[in-house]
Amino acid sequence: MTAAAILIQFLNGLASASSLFLVAAGLSLIFGVTRIVNFAHGSLYMLGTYIAYSLIEHFGRGPLGFWGAVLLAGLIVAAFGALVEIFLLRRIYAAPELLQLLATFALVLIVKDFALWVWGPEDLLGPRAPGLGGAVEIAGRQFPEYDLFLIVLGPLVLAILWAILTRTRWGTLVRAATEDREMAGALGVNQKWLFTGVFALGSLLAGLGGSVQIPREPANLFMDLSVISDAFVVVVVGGLGSIGGAFLAALLIAEIKAFCIGIGDVTWFGHVLSFSKLTLVVEFIVMAVVLVIRPWGLLGRQQSVPRSSGAAEAPLALPSRTAVQALVALLAALALVPVFFSGYALVLLIDIMVFALFSVSLYFIMGPGGMHSFGHAAYFGLGAYGAGLIVKSGAAMEVGLLAGPLLAGIGALVFGWFCVRLSGVYLAMLTLAFAQIAWSVVFQWDAVTGGSNGLIGIWPAPWLASKTAYYYLALAGCATGIFVLWRILYAPFGYALRAGRDSPLRADAIGIDVRSRQWGAFVIAGLAAGLAGSLSAFSKGSISPESMAVPRSVDGLVMVLLGGIQNLTGPVWGAALFTWLQDAVAREIDYWRAVLGAVILALVLAFPQGIAGYIGQFIESRRVKSAGAPA
Amino acid sequence: MLEVSALNTAYGRAHILFDVALDARPGEVVVLLGRNGAGKSTTLKSLIGLVRPLSGEIRFNGRRIDRLQPYQVARLGLGYVPEERRIFADLSVMENLEVGRQPRRDGAAFWTPERLFELFPNLGRMKERGGGRMSGGEQQMLTIARTLMGNPSTVLLDEPSEGLSPLIVEQMAATIRDLKREGLCVLLSEQNLHFSELVADRAYIIETGQIRYSGTMAELSADEAVREQYLSV
Numbered sequence: 001m002t003a004a005a006i007l008i009q010f011l012n013g014l015a016s017a018s019s020l021f022l023v024a025a026g027l028s029l030i031f032g033v034t035r036i037v038n039f040a041h042g043s044l045y046m047l048g049t050y051i052a053y054s055l056i057e058h059f060g061r062g063p064l065g066f067w068g069a070v071l072l073a074g075l076i077v078a079a080f081g082a083l084v085e086i087f088l089l090r091r092i093y094a095a096p097e098l099l100q101l102l103a104t105f106a107l108v109l110i111v112k113d114f115a116l117w118v119w120g121p122e123d124l125l126g127p128r129a130p131g132l133g134g135a136v137e138i139a140g141r142q143f144p145e146y147d148l149f150l151i152v153l154g155p156l157v158l159a160i161l162w163a164i165l166t167r168t169r170w171g172t173l174v175r176a177a178t179e180d181r182e183m184a185g186a187l188g189v190n191q192k193w194l195f196t197g198v199f200a201l202g203s204l205l206a207g208l209g210g211s212v213q214i215p216r217e218p219a220n221l222f223m224d225l226s227v228i229s230d231a232f233v234v235v236v237v238g239g240l241g242s243i244g245g246a247f248l249a250a251l252l253i254a255e256i257k258a259f260c261i262g263i264g265d266v267t268w269f270g271h272v273l274s275f276s277k278l279t280l281v282v283e284f285i286v287m288a289v290v291l292v293i294r295p296w297g298l299l300g301r302q303q304s305v306p307r308s309s310g311a312a313e314a315p316l317a318l319p320s321r322t323a324v325q326a327l328v329a330l331l332a333a334l335a336l337v338p339v340f341f342s343g344y345a346l347v348l349l350i351d352i353m354v355f356a357l358f359s360v361s362l363y364f365i366m367g368p369g370g371m372h373s374f375g376h377a378a379y380f381g382l383g384a385y386g387a388g389l390i391v392k393s394g395a396a397m398e399v400g401l402l403a404g405p406l407l408a409g410i411g412a413l414v415f416g417w418f419c420v421r422l423s424g425v426y427l428a429m430l431t432l433a434f435a436q437i438a439w440s441v442v443f444q445w446d447a448v449t450g451g452s453n454g455l456i457g458i459w460p461a462p463w464l465a466s467k468t469a470y471y472y473l474a475l476a477g478c479a480t481g482i483f484v485l486w487r488i489l490y491a492p493f494g495y496a497l498r499a500g501r502d503s504p505l506r507a508d509a510i511g512i513d514v515r516s517r518q519w520g521a522f523v524i525a526g527l528a529a530g531l532a533g534s535l536s537a538f539s540k541g542s543i544s545p546e547s548m549a550v551p552r553s554v555d556g557l558v559m560v561l562l563g564g565i566q567n568l569t570g571p572v573w574g575a576a577l578f579t580w581l582q583d584a585v586a587r588e589i590d591y592w593r594a595v596l597g598a599v600i601l602a603l604v605l606a607f608p609q610g611i612a613g614y615i616g617q618f619i620e621s622r623r624v625k626s627a628g629a630p631a
Numbered sequence: 001m002l003e004v005s006a007l008n009t010a011y012g013r014a015h016i017l018f019d020v021a022l023d024a025r026p027g028e029v030v031v032l033l034g035r036n037g038a039g040k041s042t043t044l045k046s047l048i049g050l051v052r053p054l055s056g057e058i059r060f061n062g063r064r065i066d067r068l069q070p071y072q073v074a075r076l077g078l079g080y081v082p083e084e085r086r087i088f089a090d091l092s093v094m095e096n097l098e099v100g101r102q103p104r105r106d107g108a109a110f111w112t113p114e115r116l117f118e119l120f121p122n123l124g125r126m127k128e129r130g131g132g133r134m135s136g137g138e139q140q141m142l143t144i145a146r147t148l149m150g151n152p153s154t155v156l157l158d159e160p161s162e163g164l165s166p167l168i169v170e171q172m173a174a175t176i177r178d179l180k181r182e183g184l185c186v187l188l189s190e191q192n193l194h195f196s197e198l199v200a201d202r203a204y205i206i207e208t209g210q211i212r213y214s215g216t217m218a219e220l221s222a223d224e225a226v227r228e229q230y231l232s233v
């Protein structure tokens, strides 16, 4: 690269960094004060872009129309954010962290379908900015004027935010509440409006981040998830809650991406190394490296344990005799299903069983393990690809059923080693990073994995070819897998694992090597998810990269949380309900995502402890009442 | 005027306070004495609303406050100084004071940073210092000053002498007497009988969540049997 090319790439990086910073700053601000990880932040960004597009169409493309639209779009998104805070988030601040995440994810689904309904599926490209539509010559090359504006915008917003946070009473209160919101309340600070204000400001930043993009990239329905994953990475690399860190991280990541594109393909000792392909994962690699070296991000600090955030988790009781009898009855009923039904019912049930195993394996590390994984689909996918690839290379299907879980287990062994070094949101982000890396390898390695087309023709052995036979295989595999996972929780290993979750320090002090237990749990969960993936592959006959993409990981989280994380059987019910809903609703209704989102929101608001958790509480309150003595 | 009757508080299934009753009048310093785990902090937290009581009545200047949010209680003029100080470590001394600032209140002393620096000269010399870079004694002064910025008529002090050097303890006692002179009502929790004798007019003794004794400080000082039973280690 010449010096001029380097300069241009550097400027490109700066321009991208600005809007990345806007979104990430809002996300970081919101997390800092409310402790809510706002999954819907990318959706706010997307709304900003779409609304700006419509407003420009309405106001006309003159300077006033354009800049007015860009600003107004931000303000509309801010108002929307305030409404979301008042009517939704306020009700769930006391709920478990992951349930809050689920609620904001439901918003993602609803906003996406809303955008589809209003603006349709086509990409919408806005006009050039009046007055900044041209290009200037820098070092002999053309550079868009608008990008120069963006380069200025980022530091400008940083300065304004800094002034608000350090020079106003409101900002001082925000910083105080970020540190210790309970104490701020005891000093007379009304958190309610502080939180609403912070959420509105964060939404404004996201909306503006989106609306200023209108001349650069078309509004489309996939912006939400791509932006949110970028923003997550930036926030985590910079350090949660640190605005300056977000700026630094946005710069770092945008520059690295810009240079990857700039370098393109490089031939190195006869191998072609494609840096531009690397852009899909480079930010996740940066994140993984930063988190391993600095577990709290560049400018972050170790998270204080939030004060008074819900009750401690109740000990896991041994299942009662009735519960065991009910489960045995359920198993017997499932074994009898093929006698009465065939065809689609069996396919759906296989799906449900596979996802039940997947979600129990996720529950295994999240509930008793206390490790929140956002990238569990990686092991499902590795299981599927492991089985598929070995069968494609000529091995028997039975070998595939062993090789799949084994590959997933090896993946979990490697990724887990890094992940158990972190905790909380940082751990969750690292799991997401690894899942994204695994996905992008599968997605781009055309020669082996079939790239975006995936693998087809992965069929079971002849003796399992009938749906009924395969149904029994899936039933046996999933039931065994689930039983083994449950059994482990009541073994000494499981006790040690839960002890490590409840108090790492005390567990350590009585001689439990917490990390190695967590690592072990990671591998066990990976093996089980891999088994689910392999069973799913042979059932479908094909594998696509989607089987290990982020939405699949989110599906798993939704299943576990729907069922309730405090309950052993919860993930099974959650998986059944979710899979059935997705299947039934998606076939009947165009806007099935919005319906699913609305159902999730209703469930979260009605049952903040999850379905099974709610039923458990209900039974307990009945028991207490019938005993005649309140506890 | 703070009046508490039949207060019961629990953390989950652990019942901590049993029918606690006490009162504190304007211009009075009242101490709630008790050993570790007796329920002193829980009592104060129930009063300010950080812990929701199961039952009972808390009246402040005649008004029921037991169902209010902490910020509402604070705005009525009931200040709370926590045991662990809970200084905002990222905020400077001035900013910590700013968080506590509330409008002037009729019938209560009005505090400005300048007036507080007269009371706590140390703080005046480190206005811009970060809360996290102060000594324990300085933090203890700042946490009281921060609460005073809300112009409270009554202050709850949770174990103000704990973990302080003897010299600072003396200062703390002088500070509490200053507050009394300003017309404030102070309800403090303590394990330290000697410190209580320096500042308090009246005393309650709490043990396993129940009030076991109530009387003037002088009476308690004279009653060796009660001290032996409830306070000796």
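Protein chains in written order, with the numbering used here: chain A, 1 to 631; chain B, 1 to 233.
Here a beta-carbon is modelled for each residue, glycine too, at the ideal position from N, C-alpha and C.
On a predicted model such as this, the values are computed, not experimentally measured, just so you know.
Under 7 Å between the Cβ atoms of Leu132 (chain A) and Tyr146 (chain A)?
Yes.
With DSSP run on the structure shown, which of helix, strand or coil describes Leu184 (chain B)?
If DSSP states are grouped into helix, strand and coil, Leu184 (chain B) belongs with coil.
From the DSSP output, which residues share a beta bridge with Ser214 (chain B)?
The partner list for Ser214 (chain B) (beta bridge, DSSP) reads B:Tyr204.
So who's on the other strand from Trp268 (chain A), going by DSSP bridges?
According to DSSP, which records beta bridges pairwise, Trp268 (chain A) is partnered with A:His271.
Looking at the structure shown, is Ala219 (chain A) part of a helix, part of a strand, or coil, going by DSSP?
It is a strand residue.
Can you tell me the Cα-Cα spacing of Leu156 (chain A) and Ala129 (chain A), whole angstroms?
Distance between the alpha carbons of Leu156 (chain A) and Ala129 (chain A): 19 Å.
Taking only the alpha-carbon atoms, compute the straight-line gap between Ser309 (chain A) and Leu201 (chain A) and give it to the nearest angstrom.
Because Ser309 (chain A) sits at a pLDDT of 40, beneath the cut-off of 50, its placement in the model cannot be relied upon, and the point is left open.
For Tyr591 (chain A), name the three-state secondary structure that DSSP assigns.
In the structure shown, Tyr591 (chain A) sits in coil (DSSP, three-state: anything other than H, G, I, E or B).
Please report the residue range of the alpha helix (DSSP H) in which Pro144 (chain A) lies.
Looking at the DSSP string, Pro144 (chain A) is not in any alpha helix (DSSP H); the run it does join, the beta strand (DSSP E), is 141-144.
Cα-Cα, which of A:Thr34, A:Gly32, A:Leu89 is closest to Leu605 (chain A)?
Ranking the options by Cα distance to Leu605 (chain A), first place goes to A:Leu89.
Can you check whether the CB of Ala40 (chain A) is closer than 7 Å to the CB of Val108 (chain A)?
For Val108 (chain A) and Ala40 (chain A), yes; Cβs fall inside 7 Å.
Looking at C-beta atoms only, is the number of pairs between the stretch 165-178 of chain B and the stretch 198-214 of chain B that lie closer than 8 Å three or more?
Taking 8 Å as the limit for Cβ pairs, the verdict is that the stretch 198-214 of chain B does touch the stretch 165-178 of chain B.
Going by DSSP in three states, Thr104 (chain A) sits in which element: helix, strand or coil?
In this structure, Thr104 (chain A) counts as helix in the three-state DSSP scheme.
Tell me the start and end of each unbroken alpha helix (DSSP H) in the stretch 152-237 of chain A that is at least 4 residues and wholly inside, in chain order.
List check, alpha helix (DSSP H) in window: 169-186, 191-211.
Of all the residues that make up the stretch 163-187 of chain A, which are near chain B by a beta-carbon distance shorter than 7 Å?
The residues in question are Arg169, Thr172, Leu173, Arg175, Ala176, Glu179, Asp180, Glu182, Met183, Ala184, Gly185, Ala186, Leu187.
For chain A, is any of its Cβ atoms less than 7 Å away from the one on Phe88 (chain B)?
Closer than 7 Å: yes.
If you draw a straight line from the C-alpha of Ile58 (chain B) to the C-alpha of Leu76 (chain B), how long is it?
If you take the alpha carbons of Ile58 (chain B) and Leu76 (chain B), they lie about 13 Å apart.
Please name the residue in B:Leu119, B:Leu142, B:Ser214, B:Arg25 whose C-alpha comes closest to that of Ile87 (chain B).
Of the candidates B:Leu119, B:Leu142, B:Ser214, B:Arg25, the one whose C-alpha sits nearest the C-alpha of Ile87 (chain B) is B:Leu142.
Kindly list, in the order they appear in chain B, the residues whose Cβ is closer than 7 Å to that of Val189 (chain A).
Ordered by position in chain B, the residues that pass the 7 Å Cβ test against Val189 (chain A) are Tyr71, Val99.
In this structure, does DSSP put Ala631 (chain A) in helix, strand or coil?
Note that Ala631 (chain A) scores 37 on pLDDT, short of 50, meaning its location in the model is unreliable; the coordinates nonetheless yield the value given after this. Three-state result, Ala631 (chain A): coil.
I want to know whether the stretch 14-21 of chain B touches the stretch 181-197 of chain B - three or more CB-CB distances under 8 Å.
No: the two stretches stay apart, fewer than three of their Cβ pairs being nearer than 8 Å.
Hey, Leu173 (chain A) and Leu561 (chain A): beta-carbon distance below 7 Å or not?
For Leu173 (chain A) and Leu561 (chain A), no; Cβs fall outside 7 Å.
Span of the alpha helix (DSSP H) holding Tyr471 (chain A)?
Per DSSP, Tyr471 (chain A) belongs to the alpha helix (DSSP H) from 467-489.
If you follow the beta strand (DSSP E) that Thr154 (chain B) is in, where does it begin and where does it stop?
154-158 is the extent of the beta strand (DSSP E) around Thr154 (chain B).
Got a sec? Which residues, its chain only, sit under 7 Å from Val585 (chain A) by beta carbon, not counting five neighbours each side?
Trp592, Val595, Leu596.
Using a Cβ distance threshold of 8 Å, determine whether the stretch 175-195 of chain A contacts the stretch 64-71 of chain B, with at least three qualifying pairs required.
With the cut-off at 8 Å, the stretch 175-195 of chain A and the stretch 64-71 of chain B touch.
Does any residue of chain A bring its CB to less than 7 Å from the CB of Gln102 (chain B)?
Yes, its Cβ sits closer than 7 Å to a Cβ of chain A.
Quick check: what's the CA-CA separation for Gly124 (chain B) versus Gly79 (chain B)?
Those two C-alpha atoms are separated by around 22 Å.
How do the stretch 36-50 of chain B and the stretch 154-168 of chain B stand: do at least 3 beta-carbon pairs fall below 8 Å, yes or no?
These segments touch.
Below 6 Å CB to CB, which residues in the same chain sit around Val226 (chain B) once its five sequence neighbours on both sides are set aside?
Cβ within range, chain order: Tyr213.
Mind checking if Gly150 (chain B) is an interface residue toward chain A, Cβ cutoff 7 Å exclusive?
Judged by the 7 Å Cβ criterion, Gly150 (chain B) is in contact with chain A.
For the beta strand (DSSP E) that contains Ala258 (chain A), what are its first and last residues?
Careful: Ala258 (chain A) lies outside any beta strand (DSSP E), inside the alpha helix (DSSP H) at 243-263.
Along chain A, which residues have their Cβ under 8 Å away from the Cβ of Ile48 (chain B)?
Within 8 Å Cβ-Cβ: Ala186.
Where does His58 (chain A) land, buried or exposed, given buried means 16+ other C-beta within 10 angstroms?
By the neighbour-count rule (16 or more Cβ atoms within 10 Å), His58 (chain A) is not buried but exposed.
I'd like the span of the alpha helix (DSSP H) that includes His15 (chain B), first residue to last.
Here His15 (chain B) belongs to no alpha helix (DSSP H); instead the beta strand (DSSP E) covers 14-24.
Whose CA, out of B:Leu164, B:Met126, B:Met149, lies closest to the CA of Gly137 (chain B)?
If we check each option's Cα against that of Gly137 (chain B), B:Leu164 comes out closest.
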